[in-house]
Amino acid sequence: MMITEQETVKYSYQQEIDVFKKNINTLKRRINAYSLSRLLVFIGALASLFFIINYSGWVIMGFMLLLLLVFLILVSKQVKLAIKLSHQQHCATLLQNEIDILNGEINIYGNGKTFTDGQHPYTSDLDIFGEKSLFAYINRTSTLGGINHLAKWLQYPEEAATIPERAKALKELNTSQDENLNFRASLFSLKADDLQNLKNNLQNHIPNAIQFVRSKKANFIIWFLPLLTFAILAAALIFNGILWSVFSLQLVLNFVAYNFYIKHINTAHQSLAKTGHTLQTLAKLIKNLELKSWQTPYLQKIIKVLENPKGEQTHLQINQLAKIATNLDYRNNVLVGTVLNIFFCWDLRVIKALYKWNAACLPTVLNSFDVVYHIEALLSLATLNYNHPHWAQPEISMDFCLNTLDMAHPLIADDKKVSNNFWLAENPTTDIITGSNMAGKSTFLRTVGINMVLAFAGANVCARSFHTSVFNVVSYMRIIDSLTAETSTFKAEIDRLKMILTLTQTNKNTLVLIDEMLRGTNSKDKYEGSKALIEKLILQQTPTLFATHDLQIAELEKTHPTQVRNFHFDVKIEGDKMFFDYKIKQGECKTFNAAVLLRAIGLA
141 MMITEQETVK YSYQQEIDVF KKNINTLKRR INAYSLSRLL VFIGALASLF
191 FIINYSGWVI MGFMLLLLLV FLILVSKQVK LAIKLSHQQH CATLLQNEID
241 ILNGEINIYG NGKTFTDGQH PYTSDLDIFG EKSLFAYINR TSTLGGINHL
291 AKWLQYPEEA ATIPERAKAL KELNTSQDEN LNFRASLFSL KADDLQNLKN
341 NLQNHIPNAI QFVRSKKANF IIWFLPLLTF AILAAALIFN GILWSVFSLQ
391 LVLNFVAYNF YIKHINTAHQ SLAKTGHTLQ TLAKLIKNLE LKSWQTPYLQ
441 KIIKVLENPK GEQTHLQINQ LAKIATNLDY RNNVLVGTVL NIFFCWDLRV
491 IKALYKWNAA CLPTVLNSFD VVYHIEALLS LATLNYNHPH WAQPEISMDF
541 CLNTLDMAHP LIADDKKVSN NFWLAENPTT DIITGSNMAG KSTFLRTVGI
591 NMVLAFAGAN VCARSFHTSV FNVVSYMRII DSLTAETSTF KAEIDRLKMI
641 LTLTQTNKNT LVLIDEMLRG TNSKDKYEGS KALIEKLILQ QTPTLFATHD
691 LQIAELEKTH PTQVRNFHFD VKIEGDKMFF DYKIKQGECK TFNAAVLLRA
741 IGLA
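Numbering (my numbering), first residue to last: 141 to 744.
Quick look at the structure:
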């Protein structure tokens, strides 16, 4: 049996998963060994404490302190192993997800249903968002920013000059599959809104919350009170006496001074609390992006925004912020926080460091979030290309055209796909597609539209070749009534037609896809309305694919021989059985199946 390219892709994923599983098992054994070692060391430390209490002795005390040090080292190593284990598990999960998607199962990433919009020119008709949608199939974004980036690319066509550049960037990204997986796995460990919340706090909340450290009074407290405190302590140690009372009074004064700013400190801390893992993840990702030598101009341009006038690498600035956040988190321990603040004015000093960091580093670091979102969205498209090596990179033309070979619907399983060749005439025409029920007219329109959406986002398309100019697609397919909006089907259809006319009049690069127009009215008005719209589109020179059961519409080719073309999907009928080949053919349809279907249920 012949092995397909996609089977090869799945096999390579499975091999990687097997390696990760071995590594995961090894890490689990090592973590268990560290846990046992920690237990034994802790028991030894308790035993040492027993001997110290009962027998005293500096040697035993020293041994106990050594055991405690070993215990802390073991804890540190176990934590690092646990982080590594979690990352490996995420990698294995993401690889298994790729196999599952290729096998037709549900993607563990979001399906973009929040972007569903019946008023958008094409996303609802072409199944761009929601369950079993294009977004659900290609999405590999974990962050809200990445999700929004990818959604925008599917909602609006990119500039013609940008599409080939993005396609080159996807090729370069696909030369580093291990790096891509690590990037995605790192973001997969975060909550979807972690980066977005952190960026919002850095941009909008923290700058206002830390302005108080600019005052002379705050700076006096930060620098003078710790010096005074330790000066009095030194004097008390030397001279004793009343100086200890003075020292105690000084500590109370320090505590009062600290509480004077407690609301400001709490506000700043709230914006940075528990962001250590998020910042460390961001720093690691940005470091890898900064240190890599990118070849394509598109990726170079993305990374260029990380450059700053001082020449300091952005990932180092993020690490500085992570250290500041960690230092501020010490206040979460009441005992440690109290000691640090009454002796060193710790929180105020950390806020001062945050203020300096904010002034020097904020603009570049804010850019780093958008860089991560952009790369994450690119990896969604790059993964799609990698999973389908037989799909074609679209050729984008500045001149009006569409010429495609073996084009199929990307969301239909390979064993059920039927491909078609199609081309637009040299000048815009209305192409009328007739055919029987279930013959493939609607699927063909969606096939054209969804592949254009992929092409205009910069991804490869489900075709052997795809040569096209950039169109603003607008569709008329799923028109439904709305009880909540008090809209009948006919009113909804009229509103959609109004949208089409508005878009086609204001944008000459519009491509219209219409499937069975004016279902909500009688056949005479349906024909007259369809004819009027087609003639309007002909007059505007708007390229249109118009699918219909109405054979009268096909007769417009006689009155507009250079502006109307007829195509059809047919059906072969043998007795009460129907056979579809789902192949588009030139000319109007001559065979229909309604009578067969009615006869099958006893109505004919």
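Glycine included, C-beta positions come from ideal geometry on N, C-alpha and C.
What you are looking at is a predicted structure, and each value in this text was computed from that prediction instead of being measured.
Are the CB atoms of F387 and I402 within a distance shorter than 8 Å? F387 sits away from I402, with the two beta carbons spaced by 8 Å or more.
With DSSP run on the structure shown, which of helix, strand or coil describes S609? Strand.
Quick one: what's got a C-beta closer than 6 Å to L422's C-beta in the same chain, skipping five residues either side? I458.
Measure from the alpha carbon of D571 to the alpha carbon of each residue in L488, C602 and Q681, then state which is nearest. Closest option to D571, Cα to Cα, is Q681.
Kindly indicate the opening and closing residues of the beta strand (DSSP E) around K717. If you look at K717, you'll find it in the beta strand (DSSP E) that goes K717 to F720.
Closest to A222 by C-alpha separation, out of D240, N251, N163 and L234, would be which residue? The closest CA to that of A222, considering only D240, N251, N163 and L234, is found on N163.
Backbone CA spacing between S622 and R659 [nearest angstrom]: A caution first: S622 carries a pLDDT of 44, below 50, which makes its placement in the model too unreliable to give a value.
Could you give the residue range of the alpha helix (DSSP H) that holds S273? Counting along the chain, S273 falls outside any alpha helix (DSSP H), and DSSP gives it neither H nor E.
Give, in chain order, every unbroken run of the alpha helix (DSSP H) that is at least 4 residues long and sits entirely within the region 315 to 392. The qualifying runs are 317 to 328, 334 to 340, 346 to 349 and 356 to 379.
Given K220 as reference, the closest of L383, K698, R489 and R170 once Cα atoms are compared: Checking every option, the nearest Cα to that of K220 belongs to R170.
How is the alpha helix (DSSP H) around F486 delimited, first residue to last? In the sequence on display, residue 486 carries Trp and not Phe. Following the DSSP letters along the chain, one finds W486 inside the alpha helix (DSSP H) bounded by residues W486 to N527.
Do the region 472 to 487 and the region 504 to 515 meet, that is, are 3 or more Cβ pairs less than 8 Å apart? The region 472 to 487 makes no contact with the region 504 to 515: fewer than 3 CB pairs, one atom from each, lie closer than 8 Å.
DSSP beta-bridge partners for F540? DSSP, once it has assigned bridges, lists no residue as partnering F540.
Span of the alpha helix (DSSP H) holding N577? Per DSSP, N577 lies in no alpha helix (DSSP H) and is assigned neither H nor E.
For F707, which option in L696, L321 and P304 has the closest C-alpha, if you only look at C-alpha atoms? Ranked by Cα distance from F707, the first of L696, L321 and P304 is L696.
From the DSSP secondary-structure annotation, give me the bridge partner or partners of F562. F562 is bridged to T544.
Out of curiosity, what's the CA-to-CA distance linking P683 and L321? Within the model, the alpha-carbon separation for P683 versus L321 is close to 42 Å.
Let me check understanding here. Comparing Cα to Cα, which of R306, L545 and P568 lies closest to K723? Checked all of R306, L545 and P568; the closest Cα to K723 is L545.
Identify, in the order they occur along the chain, each residue of the same chain with its Cβ nearer than 8 Å to the Cβ of I536, setting aside the five sequence neighbours on each side. So the qualifying residues of the chain are A300, I303, P304, A595, T608, S609 and V610.
Out of L214, L242 and Q229, state which residue places its alpha-carbon closest to the alpha-carbon of K150. Comparing Cα positions, the closest option is L242.
Limits of the beta strand (DSSP E) - the one that I654 falls within: In this chain, the beta strand (DSSP E) harbouring I654 covers T650 to D655.
Buried or exposed: where does Q259 fall if 16 or more other Cβ atoms within 10 Å of its Cβ makes it buried? Residue burial is scored here from C-beta neighbours: Q259 has fewer than 16 other C-beta atoms within 10 angstroms and is therefore classed as exposed.
Spatial neighbours of D334 within its chain, please: CB distance less than 7 Å, with the 5 preceding and 5 following residues excluded, ordered by chain position. For D334, where only same-chain residues beyond five positions count, the Cβ hits under 7 Å are T418.
Helix, strand or coil for L290, going by three-state DSSP, please let me know. The three-state secondary structure of L290, taken from DSSP, is helix.
C-beta atoms of D267 and L551 nearer than 8 Å: Cβ distance < 8 Å, so D267 and L551 count as in contact.
Contacting residues, own chain, Cβ-Cβ under 7 Å from K308 (five flanking each side not counted): Closer than 7 Å at the Cβ level, and outside the excluded window around K308, lie T436 and Y438.
Residues near K725 in its chain [Cβ-Cβ closer than 8 Å; skip 5 each side]: Same-chain partners within the cutoff: F707, H708, F709 and D710.
Three CB pairs or more closer than 8 Å across the region 171 to 185 and the region 210 to 220: These segments touch.
At the level of alpha carbons, what is the spacing between A173 and K161? Between A173 and K161, the C-alpha separation is close to 18 Å.
Alpha-carbon to alpha-carbon, C501 and Y398: C-alpha separation (whole angstroms): 27 Å.
Specify the secondary structure class of L685 as computed by DSSP and reduced to three states. It is a strand residue.
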